[in-house]
Each structure stands twice: as structure tokens, then as C-alpha cells.
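In this note's numbering, the protein residues as written are 1 to 346.
We put the CB at the ideal spot given by N, CA and C, even for glycine.
These numbers were taken from a predicted model, which means no experiment stands behind them.
For reference, the structure discussed in these notes is given below.
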Amino acid sequence: MPEEKGDIIADDTYLLLVCDNKIEGISKSILMEESLYFKSRLSEEWDFSGSHEQQFSSELIKIQSNNIEAFQTVLIYLKGYHEILEARNSFIVLGEMLRICDYYQITKLSNPLTKKIQELPITVSNLMEAFSTSQNLMVVPGCQKVGRFLQERSIIFAMVNFTSWQNLISFLAASNYPMESLVEILECLLEEQDFDLRWKFSASTSMDPGQMPRLFSSNFIKQNLEWGMMMENYEEHLACYLHCERLRQYMDDWRCLTKGLNIEVYNYRDDAWSNNGTEENVDSLIDLFNEDHNPWGYSDIKPRSEVMNTELGYIKDGKLEVKLSFKVVEVKGIPECLGVKEQMIR
């Protein structure tokens, strides 16, 4: 049974909220308890006149949204009927609910909404809805992280489930979404193939010859795979490699074609990146990932003595920053969602 929060109690004001000409009522005490925005603006000191006159009056409060379903669902949830969230499976409605919660500072609902958006499956029928929602969330400062994650899930789904550009373009052309949205997803598909990983490795005594073990960065979640960087000593040089975790427990038939590996080390003195002279966009395609750890990289990115010389500017606060760039050409056989959580590129 839900809490009796929705009932009108003695000495409590019943407020009327309007969204796109739809009026709903809610207890003032509930609104002030659940929303920091309304707690501030419905206090005794708040003056309903002036710049907020269009949003507040003695009779109606205008809500900044035009999605009635999202608006009504938020109010029902605030009244204690939390199971209503389980019945909402539209990215558009959930995304607008999250935007409402961000605007009105309704923190209690934000976390379950974020979880719901992250876990709701993407299908062919709701792909464009998911992508459109991601774009809308990314322009809201408090929702950008959720928007980026949803955008990445949408791009992964499109890359995995459409075997050719022709199939994807045919699907997009048959959809009812505006041309602007179709162009945006095509642009993102092209952009998402470019990877740029950065990590600061410890550059203390661990880099002494004969003592330096293999150093691994934390993993980065991209294309629904876990990517990482590995550094070690090789003769008189530092070696750095890209590696990818094979998801053997989920699949047997998969591949990831990559090209154009470029490894650079940051020089704090010169405020610039420097590499070992390799070409960034070589023509060769590398089909690496048929084993758990199959690294790809260079054994001579920099002479170890040069990097360890603090006067040359490669080390700051005991850290050596490395950037690894490459392009993903083709991904096949990777499930769209394995319950992997987002990890931001450092």
C-alpha cells in the first residue's frame, strides 16, 4: 500500500498545477517536502508577484513542460504511488520526467528514473525515440551524463543490428522522425568510431629497469566493450599497448576491426603531445580481439631515460600522461546491453 501522502490533511493547502492546459492537484506539504524548488518558492517569505507572476498565482502554478503523461506520472509518484514508474516504458516520457525532476529539484525520483532509463532495452521500434531523448537530455546540465550514456547505447545498437549503411539509411528514411534527428544519428555513428583514451600512469620507481611490472589503466567502456591501456619496459624504451576484454561469457562469434593506432605522451613543459613518429591513420586493418588480452601497440614510444628525466617535462606530480587514439571500423556480434555501467573517459 502506498503512503497516505496524497490525502489532503487539515491546515494543508491543496495546490493546482497546470501543464499544457491540463490541471492536476497536489498537497502543498508534499510538493515542499519533495521539491527543493517549491520548498523555497512556496515558503511564507515568497512573493507571488514580479518575475514569477506567470508561473505562480493564488490559484494555479504553471509547470515548465508540455508532456502531460510525464507531468502526471511525476505527481502520482510524489503522492506515494511509486509503482507507477514500472508502467512507464517510453524513453520520451522518462526523459521528460527526468528533466522535470532536474528543473524542480525533485531528487528522490531522479535516481530511480536514471536507473530506469539506463536499463530500459533499446529495440528497433524505439531506437529513434531513445536517441532523440538522449539529445534532449544532453542540453540539460544536470542530465548530460544520462544523455551521453543513452546516446552511446543508441549508437551501439545501430552499429550492431544494422549490417550495412544501406540498411540503416533505409530504416531511418522510413521513420517518422524529423530529418534533423536522422542527420544527428548519422553524424554520431561516424563520430563514435573515433576513440581517444587517456590515462596517467605512475612514473615513480616502478619504471626502473627490471622492476617495472606491467601497468594497466582502469578500463573504459566504449562500444559496450572494456578497453584499456598497458605500459611496460622494453629494453631501453617504454612500451604501450591497447587491449580489449573479450566478453567470452556472453558470446563466441564476434569481432572488432580497428585501424590507425597512435600513442602520444604529454609534455607539461612544452604543453604539447608528442608521439614516436607513427602515422595516425595507417591503412592496415587489425582484427585483434580473439583472445582475452591481445594487445596492440608499440614497444618504443619513448626512451625510458628521456621520460624519466624530470627536466624534460614528461612527468608531473609523479605521473606520466599517455593518450591512445584509434578508429573502430566495424563491430559485429556485440550485444547492445550487458548491464555494463558507464565509465567516463579520464
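With 16 other CB atoms within 10 Å as the buried threshold, where does serine 274 fall? Exposed.
Of the choices Ser35, Ile315 and Ser299, whose alpha-carbon is the least far from that of cysteine 101? Ser35
For serine 40, count neighbouring C-beta atoms within 10 Å of its own C-beta (all shown protein chains included) and say buried if the count is 16 or more, exposed if not. exposed
Expected contact under 8 angstroms - CB spacing of isoleucine 68 and phenylalanine 91 to nearest Å: Actually they are not in contact, since the Cβ atoms of isoleucine 68 and phenylalanine 91 sit about 17 angstroms apart, beyond 8 angstroms.
Exposed or buried, alanine 272, counting other C-beta atoms within 10 Å across all chains shown (16 or more means buried)? exposed
Beta carbon of serine 35: closer than 7 angstroms to some heavy atom of the ligand PLP? Ligands in the displayed structure: none, and consequently the ligand PLP is not present.
CA-CA distance, glutamine 135 and glycine 25? Going by the C-alpha atoms only, they are around 31 angstroms apart.
Residues in the same chain with beta-carbon distance under 8 angstroms from threonine 73, minus the five sequence neighbours each way, listed in chain order, please. Ile84, Leu85, Arg88, Val93 and Met97
Output yes or no for whether 8 angstroms exceeds the beta carbon distance between serine 325 and phenylalanine 195. Contact check for serine 325 against phenylalanine 195 passes: the beta carbons are separated by less than 8 angstroms.
Please identify the residue among Gly95, Leu172 and Met128 whose C-alpha is closest to the C-alpha of lysine 145. Gly95
Whose CA, out of Leu60, Val140, Arg198 and Leu182, lies closest to the CA of valine 18? Leu60
Using alpha carbons as the reference points, say which of Gln151, Glu226, Leu15 and Leu31 lies closest to glutamate 77. Looking at the sequence itself, residue 77 is tyrosine, so the reference to glutamate does not match. Tyrosine 77 has its Cα closest to that of Leu31, out of Gln151, Glu226, Leu15 and Leu31.
Among residues of its own chain, excluding the 5 on either side of methionine 138, which ones have a beta-carbon nearer than 8 angstroms to its beta-carbon? Gln144, Gly147, Arg148 and Gln151
Which of helix, strand or coil does DSSP assign to glycine 80? Coil, per DSSP.
Determine, using beta carbons only, whether leucine 127 and serine 154 come nearer to each other than 8 angstroms. For the 8 angstroms CB-CB criterion, leucine 127 and serine 154 form a contact.
Roughly how many angstroms lie between the CA atoms of leucine 312 and tyrosine 266, to the nearest whole one? 11 angstroms
Give a yes or no on whether the C-beta atoms belonging to glycine 297 and serine 202 are separated by under 8 angstroms. No.
Using a 10 Å radius around the Cβ and a threshold of 16 neighbouring Cβ atoms, would you call methionine 179 buried or exposed? exposed
What would DSSP say about leucine 17, mapped onto helix, strand or coil? strand
Tyrosine 177 and serine 132: beta carbons closer than 8 angstroms? yes
Could you give the first and the last residue of the continuous alpha helix (DSSP H) run that contains aspartate 398? Here the chain has residues from 1 to 346 only, and residue 398 is not among them.
Could you give the first and the last residue of the continuous beta strand (DSSP E) run that contains serine 27? 22 to 27
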